[in-house]
Amino acid sequence: MVRLPFRDTHYDVRPSKIVALAKNYVEHAREMESDVPERPVFFLKPHSALIGPGEPIILPRMSKRVDHEVELAVIIGRRAKRVPEEKAMDYVLGYTILLDITARDLQAEARKKGLPWTVAKGFDTFAPVGPRIVDRRELDISNLEIGLKVNDQIRQLGRTSEMIFKVPELIEYISLIMTLEPGDIISTGTPAGVGPLRHGDKVEAWIEGIGRVEFDVLAEGSILC
Numbered sequence: 020m021v022r023l024p025f026r027d028t029h030y031d032v033r034p035s036k037i038v039a040l041a042k043n044y045v046e047h048a049r050e051m052e053s054d055v056p057e058r059p060v061f062f063l064k065p066h067s068a069l070i071g072p073g074e075p076i077i078l079p080r081m082s083k084r085v086d087h088e089v090e091l092a093v094i095i096g097r098r099a100k101r102v103p104e105e106k107a108m109d110y111v112l113g114y115t116i117l118l119d120i121t122a123r124d125l126q127a128e129a130r131k132k133g134l135p136w137t138v139a140k141g142f143d144t145f146a147p148v149g150p151r152i153v154d155r156r157e158l159d160i161s162n163l164e165i166g167l168k169v170n171d172q173i174r175q176l177g178r179t180s181e182m183i184f185k186v187p188e189l190i191e192y193i194s195l196i197m198t199l200e201p202g203d204i205i206s207t208g209t210p211a212g213v214g215p216l217r218h219g220d221k222v223e224a225w226i227e228g229i230g231r232v233e234f235d236v237l238a239e240g241s242i243l244c
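Take 20 as the starting number for the sequence shown in the numbering used here and just add one per residue.
Here is the structure:
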């Protein structure tokens, strides 16, 4: 569970699942040497990957390369099953920032063998969120700047207008396949510029209208378990 500021109080983020979009920005699909999908491609991250501001991203021993991916996160407010696109936004509570941290070498190995990406995406601390939740009625998400710095160097910079599949389309498609529960998160994909993280890095991510959030990066071997 992560507690984030929301309206005049705080909201306990307890998703039953994190639904994360792959290749939802054209330039990111190209940098991953992938085709642009004809329909949404998504995978699941466990809720145990979730961390909030002030908690570090941990680089696991099992991976030699861990990448950052900054994303607009949609938090579901009502149980959603077979929701039509035109009503989809009625099921949204609000928005925050999520980093889809990825063990890129493990993902590449899985892709080569035709295996799921669960190991590459599911480590503890691989879903940092923050700094707050913005009520969906207070923010037009159609064309927001989204970006990420590592050690004050810009790595990713794009706009939410570059998404291939917009939020209402995603909710309609996902809710045809699985029921979305209150608190569930849809992470809507990342712009181009993903890259590696190293021990001691400081990551800063932002989305216009939501704010900025920072995370330290630590190697698993550097901390006491």
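Note that beta-carbon positions come from the ideal geometry of N, C-alpha and C, so glycine has one too.
Worksheet entry | CB contact flag (P103, V232, <8 Å) | No, the pair does not count as a contact, with Cβ atoms beyond the cut-off.
Worksheet item: At what residue ranges does the region 112 to 162 contain a whole run of the alpha helix (DSSP H), taking only runs of 4 or more?
Response: 123 to 132, 137 to 140
Discussion item. For F61, which residues in the same chain have their Cβ closer than 7 Å to its Cβ, ignoring the five residues on either side in sequence?
Written reply: V38, A39, L40, A41, I193
Discussion item. On the criterion of 16 or more Cβ atoms from any shown chain inside 10 Å, does M182 qualify as buried, or is it exposed?
Written reply: buried
Item to complete: Could you give the DSSP three-state label for A99: helix, strand or coil?
Response: strand
Item to complete: Could you tell me the distance, in whole angstroms, from the CA atom of D124 to the CA atom of G133?
Response: 14 Å
Fill in: Rounded C-alpha distance that separates P59 from R178
18 Å
Worksheet item: Within 8 Å (strictly less), CB to CB, does L63 reach chain D?
Response: Among the chains in the structure shown there is no chain D, since it carries only a single protein chain.
Practice prompt. Starting from A238, trace the beta strand (DSSP E) both ways and give me its first and last residue.
Written response: 230 to 238
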